[in-house]
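First comes the structure, then the notes that go with it.
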Amino acid sequence: MQEGTDSADGPRRFSGAAAASSGGGELAVAAAAAPRVVRRVIGQQVPADILNNAALNAAISILPGNYNFEIHKTVWRIRQAAARRVALQFPEGLLLYACVIADILEGFAGVEQTFIMGDVTFGACCVDDYSAAALGADFLASVHYGHSCLVPVDVISLPCMYVFVDIKMDTEHFVATVRHNFPAGSRLVLAGTIQFASCIQAARQQLAAEYDITVPQSRPLSPGEVLGCTAPRVPGEHDALLFVADGRFHLEALMVANPHLPAYRYDPYPRQLTKESYDHEGMQAARRAAIGAAADARSWGLVLGTLGRQGNPRILEQLQHLLAARGRHYVTVLLSEVSPAKLAALSHGVDAWVQIACPRLSIDWGEGFSKPTLNPYEAFVALGEVPGWWDEGASYPMDYYASDGGAWGSTYHRRKPRPAGGPTAAERAAAARARSAGQAASAACQTVPTVH
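Position in the sequence shown (from 1) plus 13 gives the number in the working numbering.
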């Protein structure tokens with residue numbers, strides 16, 4: 014087992030690569046295609062003539078054997094939808110397979126034209142049905158690859174299919190690694206990215222007889238699945254968190270939500286287990302300072318992210334109402350990329366920003382902005398709408414897409430939305446003190462039992 018790689022300045026709070034800037038060039042304007050009516054409700058059973066198609070299976074064999082792109086199901090879905098113009102969207106790590114999959118769909122699914130969406134795709138929040146529709150696509154086959162169904166298919170403007178791309182790893186080696194490093198009877202938490210969810214469940218079954226295994230879930234995500242912005246708080250006492258992923262970004266969300274848990278990451282590609290660390294004190298101090306600085310701001314800037322569906326208009330409306338009710342001036346800006354340089358150029362007359370795009374932009378990069386730049390949760394705290402995590406004695410909430418998350422969340426799966434405008438933080442604190450005083454008075458009036 015190895016120690017996680019941290020910089021000389023201390024544990025990293027973010028791992029990732031900067032997006033490359035696109036080169037210049039002229040844009041060609043395509044003629045708008047006539048609208049097509051595409052079926053949304055289709056059968057689920059893939060017919061035998063597709064499953065047993067020798068030519069199709071030979072084409073699929075070009076793709077990695079341990080990557081399940083669900084090609085048979087995709088071909089069947091597109092055929093049933095009678096789609097002729099299909100858009101494909103991939104995260105950066107899977108984009109190299111895009112042309113092969115496009116050729117397969119054009120050869121076997123009756124697709125006449127395939128669009129490969131080239132903009133950066135950080136997660137399912139970036140599902141870009143708007144651009145696909147502008148191109149005249151009939152079907153967004155996202156077929157969105159590689160991410161969970163955060164934006165429900167009945168919300169997306171085009172018929173859409175999510176393909177998780179299940180990746181088979183060496184589960185036996187992972188199980189052996191756990192047995193080698195942790196004594197029997199240890200209380201372990203297993204989690205990872207969606208690509209390895211089935212292997213995590215398989216490992217759980219093999220380890221259940223020797224260990225106390227917990228696979229947490231933050232609905233609507235799958236059991237054990239964690240996003241960079243959405244991770245569950247794991248109750249109870251545990252000895253270690255084991256996270257299966259080839260990077261730290263998603264793991265860091267679970268570490269932020271559970272700062273007391275010792276964290277280990279198993280990378281299935283080099284088959285290595287590393288102990289990971291995170292600068293919890295530094296992150297929390299930086300975010301509290303930004304919230305405190307924004308609390309006194311009179312002029313606010315609200316950024317609605319336009320990369321796919323990152324920006325949620327519902328959250329924008331909530332914040333606009335909160336600011337208006339408190340007499341704060343605000344300006345609304347639309348941006349596909351939220352960066353320190355862009356906000357600095359727009360910051361004249363703005364005291365604080367709220368970016369409604371990715372919560373991690375503020376958590377990971379907040380110190381790089383010239384003005385306090387909050388995510389929606391932090392804005393709710395700064396405006397006194399909810400107490401800070403430090404007041405509640407809890408960890409920083411990572412519940413942006415959780416169905417039971419706060420009113421600042423972007424979930425589409427909330428059963429009973431929590432509207433803005435409830436008691437302020439001061440009112441909540443006063444109510445808590447009143448309850449505490451009432452309980453103390455009640456206890457003082459109780460008769461002490463006599464022992465005979």
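Note that the Cβ used here is the ideal one computed from N, Cα and C, for glycine as well.
Beta carbon of residue i nearer than 8 Å to that of residue j
| i | j | result |
| --- | --- | --- |
| ARG200 | GLU250 | yes |
| PHE209 | ILE180 | yes |
| GLY321 | TYR343 | no |
| LEU203 | VAL228 | yes |
| SER231 | THR243 | yes |
| VAL367 | PRO400 | no |
| PRO353 | GLY381 | yes |
| VAL257 | PRO272 | no |
| ARG466 | GLU289 | Outside the shown range of the chain, which is 14 to 465, sits residue 466, and nothing can be said about it. |
| VAL133 | ILE75 | no |
| LEU101 | ALA115 | yes |
From the options, residue whose alpha carbon lies closest to that of residue i
| i | options | result |
| --- | --- | --- |
| GLU350 | ARG339, GLN323 and PRO245 | GLN323 |
| LEU396 | GLY305, TYR413, GLY381 and GLY422 | GLY305 |
| CYS138 | GLY123, LYS384 and ASN325 | ASN325 |
| ALA298 | GLU391, PRO165, VAL344 and PRO233 | GLU391 |
| HIS293 | SER408, VAL166 and LEU255 | SER408 |
| ASP259 | ARG246, LEU347 and PRO283 | PRO283 |
| VAL188 | HIS263, PHE262, GLU105 and LEU286 | LEU286 |
| HIS186 | PRO165, GLY123, GLY198 and GLN219 | GLN219 |
| PRO245 | MET411, ALA337 and VAL59 | MET411 |
| SER416 | ILE91, LEU163 and VAL133 | LEU163 |
| ALA96 | ALA145, TYR413 and GLY295 | ALA145 |
| PRO385 | VAL394, PHE393 and SER375 | SER375 |
| ASP364 | ALA303, LEU329 and ALA337 | ALA303 |
| GLN93 | PRO104, GLU265, VAL124 and GLY106 | VAL124 |
| TYR80 | ALA61, TRP403, GLY106 and GLN102 | GLY106 |
| VAL346 | ALA358, HIS426, LEU267 and ARG90 | ALA358 |
| TRP89 | PRO233, TYR143 and PHE152 | PHE152 |
| TYR413 | TYR143, PRO233 and ALA215 | PRO233 |
| ALA338 | ARG311, MET296, LYS355 and ALA276 | ARG311 |
Beta-bridge partners of residue i, as assigned by DSSP
| i | result |
| --- | --- |
| SER312 | HIS342 |
| ALA67 | Paired residue(s): none; ALA67 is not in a bridge. |
| MET466 | This structure cannot settle anything about residue 466, because the visible part of the chain is limited to 14 through 465. |
| VAL257 | GLY205 and TYR279 |
| GLU238 | GLY205 |
| PHE152 | VAL99 |
| THR386 | TRP366 |
| LEU332 | According to DSSP, which records beta bridges pairwise, LEU332 is partnered with nothing at all. |
CA-to-CA distance, residue j to residue i, given in whole angstroms
| i | j | result |
| --- | --- | --- |
| ARG373 | VAL316 | 14 Å |
| ILE63 | ALA111 | 21 Å |
| MET14 | TYR279 | 9 Å |
| ILE117 | ALA147 | 24 Å |
| PRO172 | GLN331 | 29 Å |
| ARG217 | GLY241 | 23 Å |
| ALA43 | THR184 | With a pLDDT of 34 at ALA43, under the threshold of 50, the modelled position of this residue cannot be trusted; read the value that follows with caution. Cα to Cα, ALA43 sits roughly 48 Å from THR184. |
| PHE135 | VAL269 | 19 Å |
| ILE73 | HIS85 | 9 Å |
| SER423 | ASN65 | 42 Å |
| ILE129 | GLU398 | 42 Å |
| ALA307 | THR87 | 48 Å |
| PHE195 | ALA253 | 9 Å |
| ILE207 | GLY340 | 43 Å |
| LEU109 | GLU119 | 17 Å |
| CYS212 | MET182 | 7 Å |
| TYR175 | ARG301 | 37 Å |
| LEU40 | GLY131 | Note that LEU40 has pLDDT 32, beneath the 50 cutoff, so the model's placement of it is unreliable and the number below is only indicative. So the alpha carbons of these two residues sit roughly 14 Å apart. |
| GLY406 | HIS361 | 37 Å |
| ILE226 | GLY205 | 14 Å |
| LEU274 | PHE82 | 34 Å |
| ILE369 | PRO60 | 43 Å |
| GLY149 | THR127 | 11 Å |
| GLN214 | ALA221 | 10 Å |
Per-residue DSSP class, three states only, for residue i
| i | result |
| --- | --- |
| ASP225 | strand |
| LYS288 | strand |
| VAL202 | strand |
| ILE180 | strand |
| GLN58 | coil |
| ALA95 | coil |
| TRP366 | strand |
| TYR80 | strand |
| TYR277 | strand |
| GLU125 | coil |
| GLU398 | coil |
| LEU347 | strand |
| ALA450 | Residue placement at ALA450 is poorly supported in this model, since its pLDDT is 49, which falls under 50; the coordinates are not used for a value here. |
| GLY318 | strand |
Residue i Cβ short of 7 Å to the ligand ATP heavy atom set
| i | result |
| --- | --- |
| ALA298 | With respect to the ligand ATP, the structure shown offers nothing to examine, as it has no ligands at all. |
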